Amino acid sequence: MVVFRKLRRLFALFFLVLLAGLQSPGKSEAGETRRILLQQARTWMYQIQDINSEHAIQALADTDYPLLVVEPNYNDRDNTFDCRFMVRALGKTINGAKRLVLAYVDIGQAENWRTYWKKEWVAPTFRKGGDPDFLVTPDPDGWEGCYPVAYWDQRWKDIWLGPGGIIPELAKLGFDGVYLDWVGAYDDEHVREAARQSNVNPGLEMIRFIEEIGRAGKEVTEGFLVIPQNAPFLIDEAPDRYAKAIDALAVEDTWFHGAGDADWYDPKAGDLRTRYDGQWSTDRQLLQYRKYLKRGLPVFSVDYCVKQENAAMVYREARKAGLRPLVTRVSLSRITKTPPR
Numbered sequence: 020m021v022v023f024r025k026l027r028r029l030f031a032l033f034f035l036v037l038l039a040g041l042q043s044p045g046k047s048e049a050g051e052t053r054r055i056l057l058q059q060a061r062t063w064m065y066q067i068q069d070i071n072s073e074h075a076i077q078a079l080a081d082t083d084y085p086l087l088v089v090e091p092n093y094n095d096r097d098n099t100f101d102c103r104f105m106v107r108a109l110g111k112t113i114n115g116a117k118r119l120v121l122a123y124v125d126i127g128q129a130e131n132w133r134t135y136w137k138k139e140w141v142a143p144t145f146r147k148g149g150d151p152d153f154l155v156t157p158d159p160d161g162w163e164g165c166y167p168v169a170y171w172d173q174r175w176k177d178i179w180l181g182p183g184g185i186i187p188e189l190a191k192l193g194f195d196g197v198y199l200d201w202v203g204a205y206d207d208e209h210v211r212e213a214a215r216q217s218n219v220n221p222g223l224e225m226i227r228f229i230e231e232i233g234r235a236g237k238e239v240t241e242g243f244l245v246i247p248q249n250a251p252f253l254i255d256e257a258p259d260r261y262a263k264a265i266d267a268l269a270v271e272d273t274w275f276h277g278a279g280d281a282d283w284y285d286p287k288a289g290d291l292r293t294r295y296d297g298q299w300s301t302d303r304q305l306l307q308y309r310k311y312l313k314r315g316l317p318v319f320s321v322d323y324c325v326k327q328e329n330a331a332m333v334y335r336e337a338r339k340a341g342l343r344p345l346v347t348r349v350s351l352s353r354i355t356k357t358p359p360r
């Protein structure tokens with residue numbers, strides 16, 4: 020009997036080891052599939068407004084784009100949209116192929132319509148900081164209800180990374196990763212002053228935050244993708260470290276931008292070029308993007324145009340530069356008609 024019990028225990032242990040070995044490749048394979056699909060994606064679509072209806076979701080589902088960036092409607096105070104339904108509906112292209120679905124999140128700004136925004140919070144002005152004091156300043160581009168933050172503050176990080184935080188919850192909902200807006204907070208003059216007063220390096224603190232976001236997502240979902248939008252010069256702060264923390268770069272406004280809060284049919288929804296000089300000239304930005312491309316990181320570009328001829332020029336020049344382009348309008352409220360099919 021003693022020998023029998025020992026054999027039974029050994030068999031049970033062998034079975035558990037075998038089961039673990041069978042399960043691990045599955046998770047690893049899923050993570051590798053996400054990375055491969057991202058590398059293969061040459062076209063994409065981006066919609067973060069007017070997306071809280073079955074009609075809007077169906078319109079996106081009926082496309083063959085291999086990558087979608089969407090507002091998850093996860094923590095919109097006035098919206099009870101079914102996020103799981105959205106992820107399931109968008110998870111395959113109209114042709115039945117696996118599609119990557121990324122959740123758009125604003126990590127460098129607090130947005131006053133989110134569930135994390137408490138009634139007692141006081142929004143900052145250009146003359147006075149907010150309460151809590153990690154609310155630094157109003158959005159410099161005129162987006163209402165958006166406030167750049169001291170993103171290194173642990174109270175802000177807890178909203179994103181802590182138990183029940185935004186990142187692990189989005190991973191649990193089935194998103195393949197996150198698309199990080201306002202990474203460029205590190206270069207905002209008011210945020211940099213707040214960093215100076217806190218005795219921290221704003222660039223390195225942003226990289227640290229992005230690393231933490233990636234870890235939080237990967238604890239739930241193998242191969243959870245992290246794609247920052249803009250701030251192409253952040254890589255100069257710590258090239259190897261930053262490149263390791265992200266899976267691709269996304270950039271706006273390489274050729275054309277739109278006015279903040281312009282709706283879809285506003286003439287200022289695109290075609291604007293007035294701010295392109297010096298460091299932010301098109302040629303200078305394209306040179307900076309090469310630092311990512313040389314490291315094998317895809318660069319997805321989005322420009323805002325109303326005129327068809329401008330859209331055509333962007334697609335032509337972006338592809339020539341090795342980018343994966345999208346042309347839409349600054350409201351990001353519809354599926355644009357300009358991408359080639």
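Position one of the sequence shown corresponds to residue 20 (this note's numbering), numbered consecutively onward.
Don't be surprised by glycine CBs; every beta carbon is placed ideally from N, CA and C.
Remember, predicted model here, so these are calculated numbers, not experimental data.
Around the Cβ of residue i, are there at least 16 other Cβ atoms within 10 angstroms (buried) or fewer (exposed)?
| i | result |
| --- | --- |
| ARG54 | exposed |
| TRP132 | exposed |
| ALA75 | buried |
| LYS176 | buried |
| TYR261 | buried |
| ALA281 | buried |
| ARG348 | buried |
| GLN66 | buried |
| LEU18 | The structure shown does not extend to residue 18, since the chain spans only 20 to 360, so no value can be given for it. |
| PRO258 | exposed |
| GLU48 | exposed |
| VAL270 | buried |
| PHE104 | exposed |
| ASP81 | exposed |
| GLN68 | exposed |
| GLU224 | buried |
| PRO159 | exposed |
| ASP266 | buried |
| THR134 | exposed |
| ALA129 | buried |
Less than 7 Å separating the Cβ of residue i from some heavy atom of the ligand MG?
| i | result |
| --- | --- |
| THR82 | Ligands in the displayed structure: none, and consequently the ligand MG is not present. |
Give the straight-line distance between the Cα atoms of residue i and residue j, rounded to the nearest whole angstrom.
| i | j | result |
| --- | --- | --- |
| GLU328 | THR355 | 14 Å |
| TRP274 | ARG292 | 7 Å |
| ASP255 | GLN216 | 23 Å |
| GLY127 | CYS324 | 26 Å |
| PRO98 | PRO91 | In the sequence as presented, Pro is not what sits at residue 98; that position holds Asn. Taking the straight line joining both Cα atoms gives about 11 Å. |
| GLU238 | GLY50 | 12 Å |
| ALA304 | ARG343 | The question names Ala, but residue 304 is Gln in the sequence shown. Each residue's Cα considered, the two are about 15 Å apart. |
| GLN298 | PHE243 | 32 Å |
| LYS287 | LYS191 | 38 Å |
| VAL245 | VAL141 | 31 Å |
| LEU268 | TYR311 | 7 Å |
| ALA214 | ASN220 | 7 Å |
| LEU351 | ALA330 | 15 Å |
| ASP200 | THR62 | 19 Å |
| GLU241 | ILE70 | 27 Å |
| ASP207 | GLY277 | 19 Å |
| LEU189 | TRP171 | 21 Å |
| GLU212 | CYS102 | 37 Å |
| TYR334 | THR301 | 14 Å |
| PHE319 | GLN173 | 31 Å |
| GLN59 | PRO358 | 17 Å |
| ARG338 | GLN248 | 19 Å |
| VAL346 | PRO85 | 16 Å |
| ALA108 | GLU73 | 9 Å |
| GLY222 | TYR205 | 6 Å |
| TYR93 | PHE100 | 8 Å |
| PRO251 | ASP290 | 22 Å |
| HIS209 | ASN218 | 14 Å |
| GLY279 | ASP296 | 19 Å |
Pick from the options: whose alpha carbon is nearest that of residue i?
| i | options | result |
| --- | --- | --- |
| ILE151 | LEU199, TRP201, LYS138 | Before going on, a small fix: residue 151 reads as Pro here, not Ile. Considering only alpha carbons, the answer is LYS138. |
| TRP136 | PHE100, ASP95, SER320, VAL155 | ASP95 |
| GLY341 | GLN307, ALA330, LYS326, THR357 | GLN307 |
| ALA264 | TYR284, ILE226, ASP290, GLY279 | ILE226 |
| ASP83 | PHE100, THR301, LEU119, GLY233 | LEU119 |
| ALA8 | PHE194, TYR170, ALA235, ASP69 | Since the first residue of the chain shown is 20 and the last is 360, residue 8 is not available in this structure. |
| LEU57 | THR134, GLU188, VAL197, ASP172 | VAL197 |
| GLU231 | TYR205, PRO187, GLY203, PHE319 | PRO187 |
| VAL202 | GLN173, LYS313, ALA169, GLY184 | ALA169 |
| GLY233 | ALA108, GLY184, ASP160, ALA250 | GLY184 |
| VAL321 | GLU73, ASP272, GLU336 | ASP272 |
Can a CB atom of chain D be found closer than 8 Å to the CB of residue i?
| i | result |
| --- | --- |
| ILE113 | No chain D is present in this structure, which holds just one protein chain. |
Counting Cβ pairs closer than 8 Å, one from the segment 101 to 116 and one from the segment 142 to 154, do we hit at least three?
no
Taking only runs of the alpha helix (DSSP H) that begin and end inside the segment 178 to 265, which ones reach a length of at least 4 residues, in chain order? 185 to 192, 208 to 217, 221 to 237, 258 to 264
### Message
Quick test of the definition: if touching needs 3 or more C-beta pairs under 8 Å, does the segment 179 to 192 touch the segment 76 to 90?
### Response
no
Checklist line | Minimum length 3: unbroken beta strand (DSSP E) runs contained in the segment 296 to 323 | finding: 318 to 323
The segment 75 to 84 / the segment 152 to 169 touching (three or more Cβ pairs under 8 Å) | no
Quick one: complete beta strand (DSSP E) runs, 3+ long, within the segment 101 to 165? 119 to 125, 128 to 130
Margin query: Report the start-end ranges of each beta strand (DSSP E) in the segment 59 to 91 that is 3 residues or longer and not cut off at the edges.
Written below: 64 to 66, 86 to 89
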